[in-house]
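Under mature numbering (1 follows the signal peptide of the UniProt record, and there is no 0), residues -16 to -1, 1 to 98 are what the sequence shown spells out, in order.
All C-beta atoms in this analysis are idealised placements derived from N, C-alpha and C, irrespective of residue type, glycine included.
As the structure is a prediction and not an experimental result, all values here were calculated from the model.
The block underneath contains the structure these notes are about, expressed in structure tokens.
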Amino acid sequence: MRLLALVPLLMAPSRAFFFHYPSVHGDSYSYEGDGDAPDHPENLFQPDDTFTDVTLENWDLSQVAVLNLPHTVQKLSLVKCKLSVIPEEVRTLKNLRELYDSRALSSFWCQFED
């Protein structure tokens, strides 16, 4: 009987290790990766998403061409993400007010004026 009580405790760390999902709180979206590229980066967002605050952390985005970011994004944070360049789609976000790019050795933050 005691052994059965340990099963949920043993499963919890493995579920956390094998299943990475984005965290959604209202209009905020955050997704922490494992240092690799997302399997299907173009599917991270749906066409009808209306997130205003997006945080992507610990992803290798150096070979990612398109993320399909929602047009409603006002604040984009790229924390510990590998990037070769800021994707062109970020430049075309009309509602973007803040862009934060934090890498191991440098940090970039800008706020846009109306």
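Check                                                                                                              : Outcome
Buried or exposed by the 16-neighbour rule on C-beta atoms within 10 Å, applied to residue 89                      : For residue 89, the predicted structure reports a pLDDT of 46, less than 50, and the residue's modelled location is therefore unreliable. A value from the coordinates is still provided. It counts as exposed.
Cβ shell of residue 19 (< 6 Å), same chain only, five flanking positions each side left out                        : 42
Of the residues 48, 29, 11 and 28, the one placed nearest residue 68, counting alpha carbons only                  : 48
Those residues which DSSP pairs with residue 44 across a bridge                                                    : 66
Whether residue 58 touches residue 73 by CB criterion (9 Å)                                                        : no
Residue 31 burial status per 10 Å Cβ neighbour count (16 or more: buried)                                          : exposed
Residue 40 and residue 65 closer than 9 Å at C-beta                                                                : yes
According to DSSP, residues forming a beta bridge with residue 13                                                  : 8 and 38
Residue 38 classed as buried or exposed, judged by whether at least 16 other C-beta atoms fall within 10 angstroms : buried
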